[in-house]
Amino acid sequence: MVNMLRKIIVTFCVLIATPLFAQVGGESVYQFLNLVSSPRQAALGGRVFTNVDYDVTQPLFNPATINIEQDNQLALNFTSYLGGIGYGTAAYAYNFDRRLQTFHAGVTYINYGTFDGFDENGISTGDFSASETAVSLGYALQIGFSKFYFGSNIKFITSKLEQYTSLGVASDLGLLYNDTDIDFQATLVVRNLGTQLTTFAGTNEPLPFEIGFGMSQTLEHVPLRWHITLENLQEWPIARPNPARITSDLSGNESSERIGFIGQVIRHTILGAELFPEGGFNIRLGYNFRRADELRILEQRNFSGVSAGFSIKLNKMRFSYTHAKYTSAANSNFFGLQIDLQ
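Quick note on numbering: the working numbering labels position 143 of the sequence shown as 506, and the sequence is numbered without any gaps.
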């Protein structure tokens, strides 16, 4: 068992190191792969990797969380996103037997809407649409009789932007430590390892590669589960000085915004809390530091980075809703339904 664990960890680290280059927003194709996958995840700050329970949508972000509690669970999620964009996810898990454990399947879809087309002379060429889809298959296994679990997703991606199309393939890898005695989880996740199979216009572009780390635990005497997530660890530093925050002294000398080590760490951090995590009614809160800092308006309180939601279970259905604050002019609403098909 020790040798097996060592081999998996070494392989995991090699796969992490191979594509280690910075890729955050706007620097790669298929950016929709990193959008929030469910209201629960949105409410907890937008990045959670450690929900090892009934949540059948969680494996879309961390395949190591695939478990028997997700057997015959179907989840459907929809988001009214920024700028009239609509996107959603669907997920399902099935347990064949206790030896094979549980297999997972998921779909992520985004529709950018309809656009007015014009040529270089400003002459109308008619309307066109844009959409992207990813279909994933995942599986997780326990490493021997240890508290470690390893999981993997394989994703097939299609993208259509006006007359241009692209196909891609990617994989997610997750290594999870799950101590059920103290209800503590820690995980390391590598997402979107892959490539384009066909390009939009002859140029091969990178996928939105991401490394994340998360921890969570349910308190012993309080019905509260806390979450700490460190996102985009493949890029350091992640924060950039904001040109709008240049300051001037009395002599007219300008100084750019300075972001120290602590500021960089904080911008990788997401905090979340879930009240009554195992009950029929949950309340969820989250705070995304990077989103809060990048979208805040100087000298104005707009609560960017804050998200809140709830879920309620009715018989074999669980309904979830989250409201996430981006700016004073842009918010998102997340809706989800999980159905127990047992």
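Built from N, CA and C at the ideal position, the CB exists for glycine as well.
Three-state class that DSSP yields for residue i in the structure shown
{"i": "Arg659", "result": "coil"}
{"i": "Thr558", "result": "strand"}
{"i": "Ala468", "result": "strand"}
{"i": "Arg588", "result": "strand"}
{"i": "Gln386", "result": "Legend: pLDDT at Gln386 = 43, less than 50; position of this residue unreliable, no value from coordinates given."}
{"i": "Asp535", "result": "strand"}
Euclidean distance between Cα positions of residue i and residue j
{"i": "Phe481", "j": "Ser695", "result": "30 Å"}
{"i": "Leu539", "j": "Glu525", "result": "40 Å"}
{"i": "Gly557", "j": "Asn595", "result": "17 Å"}
{"i": "Ile675", "j": "Gln505", "result": "31 Å"}
{"i": "Ala456", "j": "Ile702", "result": "11 Å"}
{"i": "Phe384", "j": "Pro569", "result": "Legend: pLDDT at Phe384 = 37, less than 50; position of this residue unreliable, no value from coordinates given."}
{"i": "Ala564", "j": "His631", "result": "34 Å"}
{"i": "Asn555", "j": "Ala497", "result": "11 Å"}
{"i": "Ala468", "j": "Pro422", "result": "9 Å"}
{"i": "Pro426", "j": "Ala438", "result": "16 Å"}
{"i": "Gly668", "j": "Leu587", "result": "21 Å"}
{"i": "Asp479", "j": "Asp490", "result": "5 Å"}
{"i": "His584", "j": "Asp656", "result": "34 Å"}
{"i": "Asp418", "j": "Asp460", "result": "19 Å"}
{"i": "Arg647", "j": "Gly507", "result": "34 Å"}
{"i": "Gly575", "j": "Ser515", "result": "15 Å"}
{"i": "Pro571", "j": "Thr420", "result": "20 Å"}
{"i": "Gln597", "j": "Ser619", "result": "25 Å"}
{"i": "Arg681", "j": "Arg654", "result": "28 Å"}
Limits of the alpha helix (DSSP H) - the one that residue i falls within
{"i": "Gln627", "result": "624 to 630"}
{"i": "Arg681", "result": "Run containing Arg681: none in the alpha helix (DSSP H); it sits in the beta strand (DSSP E), 680 to 690."}
{"i": "Gln404", "result": "402 to 406"}
8 Å Cβ shell around residue i - same chain, five flanking residues per side excluded
{"i": "Ala405", "result": "Val399, Thr442, Gly649, Ser670, Gly672, Thr685, Ala687, Ser695, Phe697"}
{"i": "Gln627", "result": "Trp599, Pro600, Ile601, Ala602"}
Spatial neighbours of residue i in its chain, beta-carbon cut-off 6 Å, leaving aside the 5 residues before and after
{"i": "Val590", "result": "The sequence given here has His at residue 590, not Val. Answer for His590: Leu407, Val411, Ser579, Gly635, listed in chain order."}
{"i": "Asn435", "result": "Leu704, Gln705"}
{"i": "Tyr502", "result": "Phe466"}
{"i": "Asn474", "result": "Gly449, Ser494"}
{"i": "Gly476", "result": "Gly447"}
{"i": "Ala693", "result": "Leu445"}
{"i": "Ile517", "result": "Leu500, Ser534"}
Sequence-distant residues of the same chain with beta carbon closer than 7 Å to residue i, five excluded per side
{"i": "Lys523", "result": "Ala493, Ser494"}
{"i": "Asn541", "result": "Val415, Lys510, Tyr512, Gln548"}
{"i": "Ile629", "result": "Phe652"}
{"i": "Leu560", "result": "Leu530, Gly531, Val532"}
{"i": "Asp546", "result": "Gln580, Thr581"}
{"i": "Tyr527", "result": "Phe563, Ala564"}
{"i": "Tyr444", "result": "Tyr450, Ser695"}
Limits of the unbroken beta strand (DSSP E) element including residue i
{"i": "Arg647", "result": "644 to 651"}
{"i": "Tyr393", "result": "Taken as a continuous stretch (DSSP letters only), Tyr393 belongs to no beta strand (DSSP E), as it is neither H nor E."}
{"i": "Thr413", "result": "Careful: Thr413 lies outside any beta strand (DSSP E) and carries neither H nor E."}
{"i": "Leu582", "result": "It is not in any beta strand (DSSP E) - Leu582 carries neither H nor E in the DSSP assignment."}
{"i": "Lys518", "result": "511 to 524"}
{"i": "Asn694", "result": "693 to 703"}
{"i": "Ile675", "result": "669 to 677"}
is_contact[residue i, chain B] using C-beta, thresh 7 Å
{"i": "Glu641", "result": "Within the model displayed, chain B is absent; a lone protein chain is all it includes."}
Report the start-end ranges of each beta strand (DSSP E) in the segment 419 to 446 that is 3 residues or longer and not cut off at the edges.
Entirely contained in the segment 419 to 446, the beta strand (DSSP E) runs reaching 3 residues are, in chain order, 436 to 443.
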